[in-house]
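Engineer: Mapping to our numbering: the sequence shown position 315 is 407, numbers consecutive. Positions of the beta carbon are idealized from the N, C-alpha and C atoms, including for glycine.
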Amino acid sequence: MPERNKTMWMIRRKHGKRILAMLLVSLFLFSTYGCGPFAENTKIVLSTGLDSNQIFRLDGEICTEKEFMVYLTNLQNRYERVYGPEVWNMEVQGVSMKQEVIDSVKKELEQIKVMNLMSENYKVVLTEEMKTALKDAAKTYIQSLTEEEKKALNVDENDIYQMYVEYATSLLVYDAIIASVNPEISDDEARIITVEQIGVKLAELQADGTLKPVSDDARKQALSRIKEAKRRIDQGEEFSTLVGEYNEMGESILTFGYGEKEKAYEEAAFNLASDQVSDIVETPEAYYLIKCDSTFNQEETDKNKSAILEERKNAAFQEKYQEYIRKVAEEVDEDKYAQIDFLEVDTTTESFFSTFDELAGKTIKTNY
C-alpha cells in the first residue's frame, strides 16, 4: 500500500490484528468526536429524490447500494476472520459495532466521492496505463468471488472497475494536495531522547480527565521529598536506585520528542547532557527530577521524522479538504441507509483493497 494511504483515511482496510485493533479505536473516536467529513461543515438534505439503488449524493457524485455493500462486506469479513463473528456483540459508546462499521463505510465513501469532485481542480486524470491496471484488478477481484457472492453483491466486472477508478482518483487527488509539503525534517526538530524520572505528585487525575491539586500540607511534603531525593543524588547515590523509593508518577524511563511533555519538563529534559540530572522541575501534576540517558536516539528520531512528515501531509490535506466540503451539499436517503445490513448469505470476500494494491497500486504510485 502506498505510504500516502496511511494518513488519507481515518478508517482503512489493512491486514492483521494490530491494524484491526487500531480500527476499533478509530470507531470509538468517530462516535466520541463526530469527526466524519460531514459532521458540521456540509448541508445535509434528507432526500426521497434519489433512485431506489442510491444511498447518497454529493453534488454530482452518487453512492450506490452495490458500491456500499462491496466496501461493507469486505470490512465485515476482515473483522470476522480476526475476531470471529462474536465481534458484532460489542458496542461502542452504546452503539452496536455493526452500526459503527456501517457508519465508517459511509464516511470513507463520502471522502472518496468528495475527492473525485475535487479532481478537476487539481487536474487529476487517469492515464491509459492506470486504467489498464485497474481493469486487471477489477477482473481479478471479480474472479475471486463465488457465484453466490456475485449475485448477493449484484456486481459485475465493470462495477468493480468504476469503484477502482474512483478510489484511484481519490489517491491521486491526495497526492496532488500534499505535493507542496516540504519533506525535509532536521534531526533537531525530530530529536527523540530517553530519560529517567523521579516524580512526586502534586495533583490527582480525576475521572473527567482534570487534575485536582493536593492539599497545601501534601504539597509541602512533596517538595520535602523531592528535595531529599535531589540531595541524595548530589551526594553520589545512583538515580536508578532512588526511583523505587521516591517515584510516584508511573513509568520511570521515558522516550519522547518535542511537544509531548509539559513545557517546563520538556525544556529541562532537552537541555540536559548525557547522564546529567536536572534541578527540581515543577509541573501542574508533580515535582520532577530528570536524568538524561540519551540525548539522541537515532532509530527513534528517524521514526519520528516519518511521523512528523505524515502530520504535515495530513494537515495540508485537511486544510484543502475541509475548505472544499463547506461548499458541498449531501442528499441522503435516510430510510434506505437505515435498512443497510450485512448480506444474508455467507461470504468470505475481503480482497477488494489488497487486489487494488497488488495490481494497480504500483502504477498509481509511480505517477506521483
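Determine the closest residue to Asp427 out of Ser211, Glu157 and Glu153, with distance taken between C-alpha atoms.
Structural biologist: As a first step, residue 427 is located in the sequence shown; it is residue number 335 there, counting from the start. Asp427 has its Cα closest to that of Glu157, out of Ser211, Glu157 and Glu153.
Engineer: Could you check the C-alpha separation between Phe348 and Glu220 for me, to the nearest Å?
Structural biologist: Stepping through the sequence shown from its first residue, residue 348 is reached at position 256. Stepping through the sequence shown from its first residue, residue 220 is reached at position 128. Those two C-alpha atoms are separated by around 46 Å.
Engineer: At 3 residues or longer, and completely inside the stretch 188-261: list those beta strand (DSSP E) runs for me, N to C.
Structural biologist: Listed in chain order, nothing qualifies, since the stretch 188-261 has no complete beta strand (DSSP E) run of 3 or more residues.
Engineer: Could you tell me how far apart the beta carbons of Glu200 and Tyr163 are, in whole angstroms, since I believe they sit closer than 8 Å?
Structural biologist: Start at 1 with the first residue of the sequence shown, and residue 200 comes out as number 108. Start at 1 with the first residue of the sequence shown, and residue 163 comes out as number 71. So it is a contact: roughly 7 Å between Cβ atoms.
Engineer: Are the beta-carbon atoms belonging to Val265 and Ala378 less than 8 Å from one another?
Structural biologist: If you number the sequence shown from 1, residue 265 lands on position 173. If you number the sequence shown from 1, residue 378 lands on position 286. No, the pair does not count as a contact, with Cβ atoms beyond the cut-off.
Engineer: Tell me where the beta strand (DSSP E) around Gln327 begins and ends.
Structural biologist: Counting from 1 along the sequence shown, the entry for residue 327 is found at position 235. Gln327 -> no beta strand (DSSP E), and no H or E assigned at all.
Engineer: Rounded to the nearest angstrom, what separates Ser188 and Tyr413 at their Cα positions?
Structural biologist: Within the sequence shown, numbered from 1, the residue matching residue 188 stands at position 96. Within the sequence shown, numbered from 1, the residue matching residue 413 stands at position 321. If you take the alpha carbons of Ser188 and Tyr413, they lie about 29 Å apart.
Engineer: With a Cβ-Cβ cutoff of 8 Å, do Ala295 and Lys304 count as a contact?
Structural biologist: The sequence position of residue 295 within the sequence shown is 203, counting from 1. The sequence position of residue 304 within the sequence shown is 212, counting from 1. Against a cut-off of 8 Å, the Cβ pair of Lys304 and Ala295 comes out as a contact.
Engineer: What are the uninterrupted segments assigned as alpha helix (DSSP H) that are 4 or more residues long and contained completely in the stretch 341-416, given in chain order?
Structural biologist: The stretch 341-416 contains these whole alpha helix (DSSP H) runs: 355-362.
Engineer: Can you tell me which of Tyr350, Pro376 and Ala321 puts its alpha carbon nearest to the alpha carbon of Lys383?
Structural biologist: Within the sequence shown, numbered from 1, the residue matching residue 383 stands at position 291. Here the closest residue by C-alpha is Ala321.
Engineer: According to DSSP, what are the bridge partners of Leu150?
Structural biologist: The count along the sequence shown starts at 1 and reaches residue 150 at position 58. Paired residues: Glu153 and Glu422.
Engineer: Suppose you measure from the CA of Phe444 to the CA of Leu167; what does that come to, to the nearest Å?
Structural biologist: For the purposes of this step, residue 444 is taken as residue 352 along the sequence shown, with counting starting at 1. For the purposes of this step, residue 167 is taken as residue 75 along the sequence shown, with counting starting at 1. If I take the Cα positions, the gap works out to 9 Å.
Engineer: Going by the beta-carbon positions, is the gap between Ala282 and Asn396 smaller than 8 Å?
Structural biologist: Against the sequence shown, residue 282 aligns to sequence position 190. Against the sequence shown, residue 396 aligns to sequence position 304. Yes. Within cutoff.
Engineer: Which residue wins for smallest C-alpha separation from Val217, given the options Ile345, Asp326 and Leu263?
Structural biologist: By one-based count along the sequence shown, residue 217 stands at place 125. Selected option, being the one with the closest Cα: Leu263.
Engineer: How close, in whole Å, do the beta carbons of Ile204 and Lys405 come, if the pair is a contact with beta carbons under 8 Å?
Structural biologist: On the sequence shown, residue 204 is found 112 positions in, with the first residue counted as 1. On the sequence shown, residue 405 is found 313 positions in, with the first residue counted as 1. Contact flag wrong, Cβ pair sits at about 18 Å.
Engineer: Buried or exposed, going by whether 16 or more other CB atoms sit within 10 Å of the CB of Asn213?
Structural biologist: By 1-based counting over the sequence shown, the position of residue 213 is 121. Exposed, because fewer than 16 other Cβ atoms sit within 10 Å of the Cβ of Asn213.
Engineer: Classify Tyr357: buried if its beta carbon has 16 or more other beta carbons within 10 angstroms, exposed otherwise.
Structural biologist: For the purposes of this step, residue 357 is taken as the residue at position 265 of the sequence shown. Tyr357 should be labelled buried.
Engineer: By DSSP, does Gln431 sit in helix, in strand, or in coil?
Structural biologist: Residue mapping note: residue 431 aligns to position 339 of the sequence shown, counting from 1. DSSP places Gln431 in coil when its eight states are reduced to three.
Engineer: When burial is assigned at 16 or more other CB atoms within 10 Å of the CB, is Ala407 buried or exposed?
Structural biologist: Reading the sequence shown from its first residue, position 315 is the one you call residue 407. Exposed is the call here.
Engineer: Taking the alpha helix (DSSP H) that Glu281 belongs to, which residues open and close that run?
Structural biologist: Against the sequence shown, residue 281 aligns to sequence position 189. Start and end: Asp279 to Ala282.
Engineer: Thinking C-beta only, is Leu226 closer than 8 Å to Ala260?
Structural biologist: Here residue 260 refers to the residue found at position 168 when the sequence shown is read from its first residue. Here residue 226 refers to the residue found at position 134 when the sequence shown is read from its first residue. For Ala260 and Leu226, yes; Cβs fall inside 8 Å.
Engineer: Where do the ends of the beta strand (DSSP E) carrying Thr302 lie?
Structural biologist: To locate residue 302, count along the sequence shown from 1; it is residue 210. That residue, Thr302, is in no beta strand (DSSP E); it is neither H nor E in DSSP.
Engineer: DSSP three-state label for Val117, please.
Structural biologist: Translated into the one-based positions of the sequence shown, residue 117 becomes position 25. In this prediction, Val117 scores a pLDDT of 40, lower than 50, which makes its location untrustworthy; no coordinate-derived value is stated.
Engineer: Only counting the same chain, and skipping five residues up and downstream in sequence, which positions put a Cβ closer than 7 Å to that of Tyr233?
Structural biologist: Here residue 233 refers to the residue found at position 141 when the sequence shown is read from its first residue. The residues are Ile252, Ser443, Phe444 and Thr447.
Engineer: For Phe362, which option in Ile284, Glu374, Ala399 and Glu415 has the closest C-alpha, if you only look at C-alpha atoms?
Structural biologist: Working through the sequence shown from its first residue, we reach residue 362 at position 270. Answer by Cα proximity: Ile284.
Engineer: Output the distance between the C-alpha atoms of Glu411 and Gly351, rounded to the nearest integer angstrom.
Structural biologist: Against the sequence shown, residue 411 aligns to sequence position 319. Against the sequence shown, residue 351 aligns to sequence position 259. Going by the C-alpha atoms only, they are around 21 Å apart.
Engineer: Would Phe331 and Glu359 be called neighbours here (beta carbons separated by less than 8 Å)?
Structural biologist: For the purposes of this step, residue 331 is identified with residue 239 of the sequence shown, where counting begins at 1. For the purposes of this step, residue 359 is identified with residue 267 of the sequence shown, where counting begins at 1. Not a contact, by the Cβ cut-off of 8 Å.
Engineer: Short of 7 Å in beta carbon distance, which residues of its chain neighbour Asn389, apart from the five on each side in sequence? Order them along the chain.
Structural biologist: By one-based count along the sequence shown, residue 389 stands at place 297. Here the set comprises Ile284, Ile285, Thr286 and Thr347.
Engineer: Closest to Ile147 by CA distance: which of Lys457, Thr455 and Asp433 is it?
Structural biologist: As a first step, residue 147 must be located in the sequence shown, where it is residue number 55. It is Asp433 whose Cα lies nearest to the Cα of Ile147.
Engineer: By alpha-carbon positions, which one of Lys231, Arg324, Glu241 and Leu435 ends up nearest to Asn250?
Structural biologist: Here residue 250 refers to the residue found at position 158 when the sequence shown is read from its first residue. Among Lys231, Arg324, Glu241 and Leu435, the Cα nearest to that of Asn250 belongs to Lys231.
Engineer: For Val437, is the classification buried or exposed, using 16 other Cβ atoms within 10 angstroms of its Cβ as the cut-off for buried?
Structural biologist: If you number the sequence shown from 1, residue 437 lands on position 345. Label assigned to Val437: exposed.
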